[in-house]
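Worksheet: the structure to be examined is printed underneath.
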């Protein structure tokens, strides 16, 4: 059985955990829909993390583990945002996991 | 806390014809979460994994070579490349991607992760490990 997100004419397949099967179909509307299914209301702070993860993926072809996400966020946005607690407030079920899903990226390597 | 062990991942195959190189990288990434002392070695056709300017579009494979550049963030900073393997394939270190890590003890200065080693030297490095995984 395939599972899908649907917005209007757009149909995007996802796996049993909600990660997009084809990352190239991602767009911001789809991101909002995935966020809604995760019970997350997207704010500029949420987008900052999602955009950061997409840039990281573009450069390195992987989604970073949470430890690396915290380290890199700290480098880019300072200690207030490069902080595990801050990130968990935005994405309560795991920042790397949920933000990657919303960003259309695969599940971070090393995340079980 | 258990004592740190020395892990060495041996990469001996070309990157995109088989799944070995990608699987090795995945294991390295997963293992990096356990904060062990990790080194990678590239020998035989494995040296091709580090070639600069790889383009996998035509092969329809993911270009995971760029992921090697992220490994410094995972505290994987020792890439041993066997000099003889490069020479036998008509390659020099100039043909490889620059891979660096940031040294937090020296104001995050970028330092090279790639070290050229001779065959005998690599044998000594292998002998010094607690765990050797060959791909």
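Chains as they are written, first to last, in the working numbering: chain A, 12 to 123; chain B, -18 to 116.
Just so you know, even glycine gets a beta-carbon here, dropped at the ideal spot from N, CA and C.
Using the C-alpha atoms, what's the distance from residue j back to residue i?
{"i": "residue 111 of chain A", "j": "residue 61 of chain B", "result": "32 angstroms"}
{"i": "residue 101 of chain B", "j": "residue 82 of chain B", "result": "26 angstroms"}
{"i": "residue 43 of chain B", "j": "residue 70 of chain A", "result": "13 angstroms"}
{"i": "residue 74 of chain B", "j": "residue 35 of chain B", "result": "15 angstroms"}
{"i": "residue 90 of chain B", "j": "residue 33 of chain B", "result": "22 angstroms"}
{"i": "residue 96 of chain A", "j": "residue 59 of chain A", "result": "16 angstroms"}
{"i": "residue 107 of chain A", "j": "residue 99 of chain B", "result": "40 angstroms"}
{"i": "residue 109 of chain A", "j": "residue 15 of chain B", "result": "22 angstroms"}
{"i": "residue 1 of chain B", "j": "residue 92 of chain B", "result": "28 angstroms"}
{"i": "residue 41 of chain B", "j": "residue -4 of chain B", "result": "13 angstroms"}
{"i": "residue 110 of chain B", "j": "residue 50 of chain A", "result": "47 angstroms"}
{"i": "residue 30 of chain B", "j": "residue 24 of chain A", "result": "32 angstroms"}
{"i": "residue 38 of chain B", "j": "residue 45 of chain B", "result": "12 angstroms"}
{"i": "residue 3 of chain B", "j": "residue 56 of chain A", "result": "33 angstroms"}
Comparing alpha-carbon positions, which option in the options lies nearest residue i?
{"i": "residue 79 of chain A", "options": "B:44, B:49 and B:56", "result": "B:56"}
{"i": "residue 53 of chain B", "options": "B:85, B:35, B:-4 and B:109", "result": "B:85"}
{"i": "residue 113 of chain B", "options": "B:15, B:22, B:3 and B:-3", "result": "B:22"}
{"i": "residue 58 of chain B", "options": "B:-7, B:17 and B:36", "result": "B:17"}
{"i": "residue 33 of chain A", "options": "A:47, A:15 and A:50", "result": "A:15"}
{"i": "residue 22 of chain A", "options": "A:101, A:41, A:104 and A:28", "result": "A:41"}
{"i": "residue 97 of chain B", "options": "B:111, B:88, B:-5 and B:80", "result": "B:80"}
{"i": "residue 105 of chain A", "options": "A:75, A:91 and A:87", "result": "A:75"}
{"i": "residue 51 of chain B", "options": "B:-13, B:10 and B:103", "result": "B:10"}
{"i": "residue 88 of chain B", "options": "A:73, A:28, A:103 and A:86", "result": "A:86"}
{"i": "residue 72 of chain A", "options": "A:93, A:119 and A:94", "result": "A:119"}
Compute the beta-carbon to beta-carbon distance between residue i and residue j, rounded to the nearest angstrom, for a pair I have assumed lies under 8 angstroms.
{"i": "residue 43 of chain A", "j": "residue 53 of chain A", "result": "6 angstroms"}
{"i": "residue 103 of chain B", "j": "residue 24 of chain B", "result": "7 angstroms"}
{"i": "residue 115 of chain A", "j": "residue 37 of chain A", "result": "3 angstroms"}
Closer than 7 angstroms: is that where the CB of residue i sits relative to any heavy atom of the ligand NAP?
{"i": "residue 24 of chain A", "result": "Ligands displayed in this structure: none; no statement on the ligand NAP is therefore possible."}
Output needed in chain order: residues of the segment 26 to 44 of chain B with a Cβ under 8 angstroms from some Cβ in chain A.
43 and 44
Could you name the residues of the segment 12 to 46 of chain A whose beta carbon sits closer than 7 angstroms to any beta carbon of chain B, in the order they occur along the chain?
none
Looking at chain B, which residues of the segment 73 to 107 of chain A have a Cβ within less than 8 angstroms of any of its Cβ atoms?
73, 75, 76, 78, 79, 82 and 83
Short of 8 angstroms Cβ to Cβ, which residues in the segment 48 to 73 of chain B face chain A?
48, 50, 51, 54 and 55
Unbroken stretches of the alpha helix (DSSP H), 4 residues or longer, contained in the segment 19 to 81 of chain A:
39 to 48 and 55 to 71
Residues in the segment -5 to 25 of chain B having any Cβ partner in chain A nearer than 7 angstroms
7, 10, 11 and 14
Segments of 3+ residues assigned as beta strand (DSSP E) that fall wholly inside the segment 44 to 91 of chain B
59 to 63 and 81 to 84
Just list the alpha helix (DSSP H) runs in the segment 87 to 112 of chain A, keeping only unbroken ones of 4 residues or longer that don't cross its boundaries, in chain order.
95 to 101
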